[in-house]
Structures are given as C-alpha cells and as structure tokens.
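There are 2 protein chains.
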Amino acid sequence: MERKKINSPAFFIGKGQGDDLISFGSGQPDLPPPKEVFEALNNYQCFKYCLVQGSQKLRDALSTKYEDTTPEQFVITNGASEALDLVLRALYVKGGKVAIPRPYYYSYPHNVRLAHLEVVYYDLVDGKIDIENFKAQAEGCVAVIINSPSNPTGTVQNKETLKACQKFCEEKGVLVISDNVYKDLFYTDENYCVQGPNVITIDSFSKSYSMCGFRVGYLHSWDGDLVEKIVEMKSHTSMNTSIMSQEAAYAAATKVPQGFLDETLKIWRERRNTFYQGMLDLGLDVWNPEGAFYLFPKIKNPSKACNDLYYDYNIITYDGTWFGDDTRLRFSYALDVEKIEIGLKRLKEYLKTIED
Amino acid sequence: MERKKINSPAFFIGKGQGDDLISFGSGQPDLPPPKEVFEALNNYQCFKYCLVQGSQKLRDALSTKYEDTTPEQFVITNGASEALDLVLRALYVKGGKVAIPRPYYYSYPHNVRLAHLEVVYYDLVDGKIDIENFKAQAEGCVAVIINSPSNPTGTVQNKETLKACQKFCEEKGVLVISDNVYKDLFYTDENYCVQGPNVITIDSFSKSYSMCGFRVGYLHSWDGDLVEKIVEMKSHTSMNTSIMSQEAAYAAATKVPQGFLDETLKIWRERRNTFYQGMLDLGLDVWNPEGAFYLFPKIKNPSKACNDLYYDYNIITYDGTWFGDDTRLRFSYALDVEKIEIGLKRLKEYLKTIED
Chain A
524 MERKKINSPA FFIGKGQGDD LISFGSGQPD LPPPKEVFEA LNNYQCFKYC LVQGSQKLRD
584 ALSTKYEDTT PEQFVITNGA SEALDLVLRA LYVKGGKVAI PRPYYYSYPH NVRLAHLEVV
644 YYDLVDGKID IENFKAQAEG CVAVIINSPS NPTGTVQNKE TLKACQKFCE EKGVLVISDN
704 VYKDLFYTDE NYCVQGPNVI TIDSFSKSYS MCGFRVGYLH SWDGDLVEKI VEMKSHTSMN
764 TSIMSQEAAY AAATKVPQGF LDETLKIWRE RRNTFYQGML DLGLDVWNPE GAFYLFPKIK
824 NPSKACNDLY YDYNIITYDG TWFGDDTRLR FSYALDVEKI EIGLKRLKEY LKTIED
Chain B
524 MERKKINSPA FFIGKGQGDD LISFGSGQPD LPPPKEVFEA LNNYQCFKYC LVQGSQKLRD
584 ALSTKYEDTT PEQFVITNGA SEALDLVLRA LYVKGGKVAI PRPYYYSYPH NVRLAHLEVV
644 YYDLVDGKID IENFKAQAEG CVAVIINSPS NPTGTVQNKE TLKACQKFCE EKGVLVISDN
704 VYKDLFYTDE NYCVQGPNVI TIDSFSKSYS MCGFRVGYLH SWDGDLVEKI VEMKSHTSMN
764 TSIMSQEAAY AAATKVPQGF LDETLKIWRE RRNTFYQGML DLGLDVWNPE GAFYLFPKIK
824 NPSKACNDLY YDYNIITYDG TWFGDDTRLR FSYALDVEKI EIGLKRLKEY LKTIED
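In structure tokens form, the structure reads like this:
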C-alpha cells in the first residue's frame, strides 16, 4: 500500500467496511436506530417547506424534555454542526473571541474561524476543566464552548466546576455554548448539563439514537432576539431542516421508550470496560472514559502511530494532533467487543516496536 | 384582524392553508413530487454518516446529466440555499465584492453579507440583463450571480447575453455563480444555462420535482480546489446532507421519466396563460413570464398593496421591495387555475380602490 500521509479524519471516510480493517476512527455509532425511527417514514407523504425554525411538533416535544422551556426557544438544524455554525455566525462581532477547550472536537477551531471570530483555548488538565485557566481565557470572550461528555477525551466535567464556569461567564457577560451531543452517554452517576440564562444548548439525535446520517440537531436559547436572528439567517443559508429527517427525529423524541437508551448505554459500558482494561494491560497511560465513546491514551508520536497503525496493522485511529493534543491518540469504540479485542492484539504488536 | 405591518416573506409562513385565503406568496410548488420519490423511502434502513460531498450514486447520476462532468465536481447540499452559502463563504476575501441582479431573489444580499462580502447590483431592464451595466458592475468583483429563469421577474435571459456575460467574466477573472433552480420551468423555445470554466452551477430538486421540504440541492464547479475547500467547510458546518433526502433525490434523478417534467410544465404554462391574460385584462403593466412561476406587475405603492391585499382582500402577495424593486408586486402561481381566477376577481376590486 502506498503510504500517503494521513492529515485529517477525512482521509478515512468510506474506509473500513467489509475487510480486515479495524476502525477505531469515526464517532459514528454502529448500533442501529430504534425501529420507531424507520417506521415513521412508511407512507410518508409530505413535501413542502416547513417552518425554518423546525416543525412545531418536534419543538413541542423538545420543550417537554427541557424544564421550563417553550417551543419558540428551539431551532431544529442540520445536526449539531449547523447549530454551532449558526450560533457562532449570529454572535459575530468584529474582533470577537470564542474560547474552546483543548483538546477540542476537531471542528471547533474551524467553526469559530468560519464565523470570522478568533479562537482562544482553555487547556484541560487530564481532560478536566481547570477553573482558573478557564476564567483567564474566557474573560473578554463573546462566548465559550463547553463539551461534556467530551470528544475526544471521554471525560465528564463535574457539576461544581460547570456551575462555577457558568456563574463566572454570567457575571462577565460571556455566553456559554454547551455542546451536549453526548449527554445521554455517560458511565458516571450523574451528568450535569450546564444551565443558566446565558447558556445556549446544542444537542442532536445523532449519538443518542444512532441517527448521524439523518442530520437532525437543535439549539436552545433563552434569548428570543438571538433565536429570531438565527432563524432569519437559516432562512437564507439552508431553509428548513429536511422534513423527513425531522419526522424521524420526532419519532425518536416521542415514541422510543427510555429502555432503548438504557440498553444502548449498557453496550457502550461493556465496550468501554473491555477496551479500557485492555489498554491498561498493554501498559498505556489512559484515563477511564466517563462518557461518550472515546479512549484517549498517551502514545509516543501520535502522527506516526496513526500512520503506522493504519498501514502496517490495519487499524484506524485518529491522531490527537487533530484535536489539539500531540501526545495522544483517539480510539472510538463504536464497534463490537470482538473487534475491539482483535484491535487490542494488533495494538500490542505495534507497541512492542516502539518500546524504548 | 389587527393590521401588523408585513415586513418580509417570513410573515406569511404557515398562513394560507385550509381557509379562504388565496396565497400568491410562496415559491413552493403545490403539485406533489413524482411517486418514485416516496417509493424510495419504503423500507429505507440506512442511518450512518455518508460522504460529506454527497452520496456517490447521486453524484454519479448528476454527472450523467451534465455534459463532460465527473461526480467529483459535484457537492450535494441542503438545498440551493446551502450551496450558495458555501460557495460564497469559500470565495471570501477581505473587501471582496459580489454582483447580483436587481430585482433579486430576496436572499441574495443576505447571502453575500453573511459571507462577509460586499454586495453590488447590476440593474435588470424590464427583467433583462443590460450587458453594459452588467460589465460595469461585474468588473472587479470576486463573483457575479446570474439567475435565469429568474425569481422574482419570471424572465429568461437570452443565450447571446448570457454568453457575453460569461465571456466578459472569464476575461476579467470573475467567477459566475449560475443559480439554475428554475432551469426546467420555461415557456420559451430554449433556456440556455451559462457555461464555461469560470462558471459554478447551483441547482436543486426543489422546484423541478416539488421537493422543497426535502432540501436537496447541489453545486458543480470545474475547480477541484474550490470543491475540496467547500467539502472541508461543509464537514464543519453541517456534515452530509440528510441521507434519506439524498435517497429521494436519487430516485428523482434516475427513476422519474422526462414525461413528469413535461406534464408539470404543461400545468405551469396553463396557469401562466390564465394569470397573465387576467392581469392584462385588469390593465396591469406586466411582462409575460418566460420561466419560473412568478408574475411581477407594476403597482402603485407595493408595500401598501401587499398589506391591503392581505388584510382586506384575503390575498397573499410579496412586496417587490423585498426583491429590490419598489414599483412591483410578486405573484406566485403555484396554485390551481380556479384559485387564480378567484384571486384575480379580488385583485380587480382592490385595483378599483387605487385608481387615479
């Protein structure tokens, strides 16, 4: 195989199906969506534009899930990605800055810059927010992004820290954009979602209901003017989110029993346990994921490791450098325990070659 | 009814169904999509991310429809709106200008400004491009937008003019963004789509196949670097376009016989004829639409007319001011001939009240 250097996750798109490749790459759940999602599409017959803000019934359903909210505070978007893009574009001011965690979800710096804003970073310590560093970086920003459970670290921030972040931002007039796409996937006792009048919540049906390809996300804000500005913007940049995808999301929001999420979480937890223990057994320096579905071990020269593991060991991993950490490698465990075990064996062979 | 002043098309969204209101407002075809579109969704089972650029088979199908093109030159987007948004954002340079026709599709100035570019206008004369004015405005721009058949004017630009525009822009290094969403809806002998190495084509399944709510559009460019830049950008701003909507669009592109478009066009032509003749009979100064489905007559004080027609005559029309023309009113004829005739009677009553 010709060894073309791997520069971004895009390199791996479409790879890893139907062959001996083990993909720890994409953040795409392998488990299928609940059956109710597909059932909603049988005999589907609508075709007209719907409200740019999103279908009334889907926003009604969401407002019952978020305390004290109203449907008018939600906007349905083409995934959490578009929600973040719209929010940042709506918050644009000349010279404005947005603070993001580091390591970060790899799109964040791009999203901020695509909105013509400037990126600043608050550095996580072992995947956790350091409140003093957070404050130092957040001050003077238009907004900060918080992501818990986190991609790529797999950490869950603790409630007290999140409350302190929110309070600080509220006092300083900084908006908090809370990216909650992994909110249903946590192995800790609790997962606190940051709340408050200055908080804009972003979420999606992609990870909880395995609906990535459907592209249905949403945002919530208490600020009616901001919501109006975002809807107006979306009427020019994409109009309504696909009506069929919204119908599928409505089924997920209203017809799927909680048991589906519980069962799914059980599977994720089993994989997490196997993979984490396997990495410990290999002597890797890695923290036990508290949420999402990523392991983020330290590894010598992750760019080289990512390339070598792919070309020589038939394993896809994501270089930590893409997430702002050049000491680690990201492994997604969105695949069977058996495949995780095969992958661990190959990883063991690789690790032997880089021992001091 | 309380007379809240009507400021934009958004005012009318969700109005005009199931009551005595006659809506000449929205550019939403009332005719249903071909049955093949819905059939494609029965037993649909996919759920994963697909290529951000768009599904391979849909791009394959498109490349067979556009001469000499390859699938790699297309990007599938959330409607033509997102295609335009992505193209403009990708073309951003500090201080860059984009020329758009005036009257314009009402999103164009917003799209240009949302991409942090500056708008300049080339003025249409009776809905037609004036080549000298076009050249004067286009020179020095990053790009120009051409829209033929045009919303809101209903005009089709002639082939020689379009070739002259393209050639001028090619010589001057200006990109031509050709918004072809109405390309299948024309009543002239021919509809020429502007072509050339400097042309970026934008199109959609919305108008031709009555699939507005599905949100599937696309762009084509000969410039591989630009396509790559757009796909990279879309990987951060929305990821793939809804996989289900793409499946529906694939059915439209490959399974629907040409007869569907011919039959649809026959209906549009009949409506056009009735409505145009009706307006002439009312003594309105209006040109005969050559394409799309809009009539754009002159009217005294169109902002007042739009309000009065809605509140006093139960007719939705769009104020020409929203499209950059404060002397005209836009009427969409995306509704039955019988309703058009009722609307004409009401319009007649209104016109009596504003006679000199």
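Residue numbers (our numbering), protein chains in the order written: chain A, 524 to 879; chain B, 524 to 879. Every residue gets a Cβ at the ideal spot worked out from N, C-alpha and C, and that includes glycine. Owing to the predicted nature of the structure, the values given are computational and were not obtained by experimental measurement.
{"Asked": "Less than 8 Å between the CB atoms is what I'm expecting for Q660/A and V635/A, so what's the real figure, rounded?", "Found": "Q660/A to V635/A, Cβ: 13 Å. No contact."}
{"Asked": "What first and last residue would you give for the beta strand (DSSP E) that runs through I700/B?", "Found": "L698 to D702"}
{"Asked": "Rounded to whole angstroms, what is the Cα-Cα separation between A870/A and P555/A?", "Found": "It is Leu, not Ala, that sits at residue 870/A in the sequence shown. Going from the Cα of L870/A to the Cα of P555/A covers about 28 Å."}
{"Asked": "Check whether the Cβ atoms of A622/A and V679/A sit closer than 8 Å, and answer yes or no.", "Found": "no"}
{"Asked": "What number of angstroms, rounded off, separates the C-alpha of A603/A from the C-alpha of S701/A?", "Found": "11 Å"}
{"Asked": "V610/B by DSSP, collapsed to three states: which one?", "Found": "helix"}
{"Asked": "Would you check if the distance between the CB atom of S825/B and the CB atom of D849/B is smaller than 8 Å?", "Found": "For the record, residue 825/B in the displayed sequence is Pro; it is not Ser. Yes."}
{"Asked": "For chain B, is any of its Cβ atoms less than 8 Å away from the one on Y572/A?", "Found": "yes"}
{"Asked": "Looking only at its own chain, which residues have a Cβ that is under 6 Å from the Cβ of A774/B, when we skip the five neighbours before and after it?", "Found": "E559, V560 and A563"}
{"Asked": "Measure the C-alpha to C-alpha separation of R794/B and Y710/B and round it to an integer number of angstroms.", "Found": "12 Å"}
{"Asked": "Does the Cβ of P812/B have 16 or more other Cβ atoms within 10 Å, making it buried, or fewer, making it exposed?", "Found": "buried"}
{"Asked": "Going by C-alpha distance, which of L640/A, P675/A, K686/A and G677/A is nearest F657/A?", "Found": "K686/A"}
{"Asked": "Do L607/A and R625/A have their C-beta atoms within less than 8 Å of each other?", "Found": "no"}
{"Asked": "Are the stretch 739-748 of chain B and the stretch 710-729 of chain B in contact at 8 Å, needing three or more beta carbon pairs?", "Found": "yes"}
{"Asked": "Any C-beta of chain B sitting closer than 8 Å to the C-beta of H633/A?", "Found": "yes"}
{"Asked": "Under 8 Å, CB to CB, which of the residues in the stretch 704-728 of chain A have a partner in chain B?", "Found": "none"}
{"Asked": "Just curious, the beta strand (DSSP E) that P624/A is in, first and last residue?", "Found": "K620 to R625"}
{"Asked": "My assumption, with CB atoms under 8 Å, is that V598/A sits in contact with Q576/A. Please give the rounded CB distance.", "Found": "5 Å"}
{"Asked": "Just the C-alpha distance for K823/B and L698/A, rounded to the nearest angstrom, thanks.", "Found": "47 Å"}
{"Asked": "So, is the C-beta of H759/B closer than 8 Å to a C-beta in chain A?", "Found": "yes"}
{"Asked": "Report buried or exposed for Q484/A, applying the criterion of at least 16 other Cβ atoms within 10 angstroms of its Cβ.", "Found": "Residue 484/A falls outside the range modelled here, since chain A spans only 524 to 879, and no answer is possible."}
{"Asked": "Closer than 8 Å by beta-carbon distance: list the chain A residues that pair up with S733/B, in chain order.", "Found": "F570"}
{"Asked": "Does any C-beta atom of chain B lie closer than 8 Å to the C-beta of E605/A?", "Found": "yes"}
{"Asked": "Flag this pair as yes or no: are the beta carbons of N581/B and A771/B separated by less than 8 Å?", "Found": "Rather than Asn, the amino acid found at residue 581/B in this sequence is Leu. Cβ distance not < 8 Å, so L581/B and A771/B don't count as in contact."}
{"Asked": "What does a CB cutoff of less than 8 Å around E641/A pick up in its chain, not counting 5 residues either side in sequence?", "Found": "G618, G619, K620, V621 and V635"}
{"Asked": "Do V750/B and Q551/B have their beta-carbon atoms positioned less than 8 Å apart in this structure?", "Found": "no"}
{"Asked": "Rank V739/A, T592/A and L832/A by C-alpha distance to the C-alpha of Y572/B and give the top, closest one.", "Found": "V739/A"}
{"Asked": "Measuring only the C-alpha atoms, how far is C664/A from E655/A?", "Found": "15 Å"}
{"Asked": "Alpha carbon to alpha carbon, how far is Y732/B from F570/A? Give it in angstroms, no decimals.", "Found": "10 Å"}
{"Asked": "Can you tell me where the alpha helix (DSSP H) holding T787/A begins and where it ends?", "Found": "Q781 to D804"}
{"Asked": "Would you grab the beta carbon distance between W845/B and P532/B for me? Rounded to a whole angstrom, and I think it's under 8 Å.", "Found": "7 Å"}
{"Asked": "At 8 Å on the CB atoms, spell out the chain B contacts of S855/A, in chain order.", "Found": "Neighbours of S855/A on chain B: none; closest Cβ ~13 Å, over 8 Å."}
{"Asked": "With distances taken between CB atoms, is the gap from G650/B to S673/B smaller than 8 Å?", "Found": "yes"}
{"Asked": "On the premise that I838/B lies in contact with F535/B, defined as a C-beta separation below 8 Å, what is that separation, rounded to the nearest angstrom?", "Found": "Contact flag wrong, Cβ pair sits at about 11 Å."}
{"Asked": "Using a Cβ-Cβ cutoff of less than 6 Å, which residues in the same chain neighbour D707/B once the five nearest sequence positions on both sides are dropped?", "Found": "S731 and L784"}
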